[in-house]
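Student: Reminder that position 185 of the sequence shown reads as 184 in numbering that gives the first Met the number 0, one-by-one numbering, no gaps.
By construction, the Cβ of each residue, glycine as well, lies at the ideal position given by its N, Cα and C atoms.
As the structure is a prediction and not an experimental result, all values here were calculated from the model.
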Amino acid sequence: MIVRDTLEGYGIVSRLFHWLMAVAIVAMFALGLWMVRLDYYSPYYNSAPELHRSFGMLLLFALLVRWLWRAANPKPQIDDLTPLEQKASYAVHWGFYILLLAIMVSGYLITTLDGRPVDVFGWFSVPSILQMRGLEDRAGDVHRILAYAVIGLTVIHTVAALKHHFVDKSTILKRMWSGPSPPSIIPKKEMHR
Ligand code: HEM
Ligand code: HEM
């Protein structure tokens, strides 16, 4: 099993980060939309936002670790895309990183601008570092817009990945799913020739 990324594709760590975070982000979007519509008498009125905030903070840490991992690994080369597609894919990847950081920070601000910490599953709490009472609603508006932007980018990214896979017969989706093919093993006899 290939752990680190190579020039040919993504190792297991990047692939796990990619797919687990993709599922979690879409689930967070659905949870967010559902929880803000709950009425005061719902049994989930407090627990759903607690889950959303706790999971969101874990996702923020995961995003930072994912960045560090990416920086410490070679960037897989995409040679079966046109230069324009390569530029677009680069922009979408960076767009994701920036939007995801912004949505997590804005979520943190909704909760902490009044001075309260974010409690993460009762395991630990992240303190408030900026107190600006009255701006929580603004942070909430920004958070909602960013959530729709993340989902919009996900749709574009998914359509592009499926198009490269099914129409262009590119290996891009395969290598994000099952990794790069292992280096071919040269039989000993061949090596001595
Ligand atoms: C991938 C990350 C996240 C996604 C996709 C996401 C998505 C959403 C969505 C769609 C809503 C509903 C917005 C609306 O219709 O008004 C929401 C609300 C909310 N989110 Fe997030 N969120 C994320 C991360 C976070 C984080 C890290 C926190 C806090 C630590 C957080 C705290 C909140 C709070 C407090 C609300 C309720 C806002 C209100 O009552 O207006 N979210 N989120
Ligand atoms: C919220 C959902 C998603 C997010 C945030 C996301 C984010 C990313 C990011 C940031 C990259 C760049 C590689 C990296 O830095 O790890 C990437 C690559 C990739 N993603 Fe996603 N992704 C999502 C969903 C999907 C889905 C649903 C598919 C396919 C149906 C997909 C297919 C791919 C492929 C094939 C690559 C590799 C592209 C290449 O080699 O340049 N992603 N994704």
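What residues are listed by DSSP as bridge partners for S124?
Tutor: Answer is D118.
Student: Give the single residue among L83, K168, D79, P75 whose Cα lies nearest to the Cα of R14.
Tutor: Among L83, K168, D79, P75, the Cα nearest to that of R14 is on P75.
Student: Counting along the chain, where does the alpha helix (DSSP H) carrying Y39 start and finish?
Tutor: First-last for Y39: undefined, no H or E at that position.
Student: Going straight from the alpha carbon of T157 to that of F28, what length do you get?
Tutor: Cα to Cα, T157 sits roughly 16 angstroms from F28.
Student: Taking G106 and H142 to be in contact with their CB atoms under 8 angstroms, please state how far apart those CB atoms are, rounded to whole angstroms.
Tutor: Confirmed, about 6 angstroms.
Student: Going by CA-CA distance only, name the one from P126, D79, R36 that's closest to V166.
Tutor: Checked all of P126, D79, R36; the closest Cα to V166 is D79.
Student: Please find out if some non-hydrogen atom of ligand 1 comes closer than 7 angstroms to the beta-carbon of I128.
Tutor: Answer for I128: no, Cβ out of range of ligand 1.
Student: Give the C-beta separation of F95 and L152 to the nearest angstrom, bearing in mind that I take them to be a contact with Cβ-Cβ under 8 angstroms.
Tutor: Yes, they are in contact, since the Cβ atoms of F95 and L152 sit about 6 angstroms apart, within 8 angstroms.
Student: Quick check: does the Cβ of L19 come within less than 7 angstroms of any heavy atom belonging to ligand 2?
Tutor: For ligand 2, not one heavy atom lies less than 7 angstroms from the Cβ of L19.
Student: Within 10 Å of its beta-carbon, does D4 have 16 or more other beta-carbons around it, so buried, or fewer, so exposed?
Tutor: Buried, because 16 or more other Cβ atoms sit within 10 Å of the Cβ of D4.
Student: Verify whether the separation of the beta carbon atoms of L112 and A138 is less than 8 angstroms.
Tutor: In this structure, A138 lies closer than 8 angstroms to L112 by Cβ.
Student: Just list the residues that DSSP pairs D8 with in beta bridges.
Tutor: It should be noted that the sequence gives Gly, not Asp, for residue 8. G8 is bridged to T5.
Student: Would the C-beta of Y96 count as close to ligand 2, meaning under 7 angstroms from any of its heavy atoms?
Tutor: The answer is yes for Y96.
Student: If we ignore side chains and look at the alpha-carbon of each, how far apart do I77 and D38 end up?
Tutor: Straight-line Cα distance between these residues: approximately 49 angstroms.
Student: Near S124, which residues of its chain fall below 7 angstroms by C-beta distance, leaving aside the five closest residues on each side in sequence?
Tutor: Hits under 7 angstroms: P116, V117, D118.
Student: Could you check the C-alpha separation between G31 and H51 for me, to the nearest Å?
Tutor: Those two C-alpha atoms are separated by around 7 angstroms.
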